[in-house]
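Have a look at the structure below before the remarks.
Residue numbers (our numbering): 8 to 137.
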């Protein structure tokens, strides 16, 4: 009878490393990353139907509902709002934007673009506090 030589029984690591890298590549390719639009979760308030706005000196108030746009408590059109924003000489004056939670975000983005084009960067978004 022939004696068997003792060989060490250890698993080969090379195929295991290949499988691990294949799994890593698979998960990297199939992962869905969050979009930047989901970075801020906000609960926007109901815009009041009251036309009275407490005026603080040099603050511009914008209210946006699904069917109405108001500037400093008075209903305006988009073109009138552009004219009002262009007529502001002190570009550091604060602008407070109150948006109804049922408003389509496309309208909000259009208003924000108008403010940016008018070089008004001191903006406050009014929301409900949780």
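We put the beta carbon where it would ideally sit given N, CA and C, even for glycine.
The structure presented is a predicted model; accordingly, all values stated were derived computationally and were not measured.
By the neighbour-count criterion, in which 16 or more other beta carbons inside 10 Å mark a residue as buried, residue 75 falls on the exposed side. 77 is the residue among 14, 77, 105 and 18 whose C-alpha sits nearest the C-alpha of residue 88.
Looking at the DSSP output, residue 68 shares a beta bridge with 103.
Under the DSSP assignment, residue 132 falls in the beta strand (DSSP E) whose first and last residues are 130–133. Apart from sequence neighbours up to five positions away, the residues of its chain that approach residue 129 with a beta-carbon distance below 7 Å are 99, 100, 101 and 102, ordered along the chain. Within the model, the alpha-carbon separation for residue 91 versus residue 111 is close to 23 Å.
Per DSSP, the unbroken beta strand (DSSP E) holding residue 76 starts and ends at 76–78.
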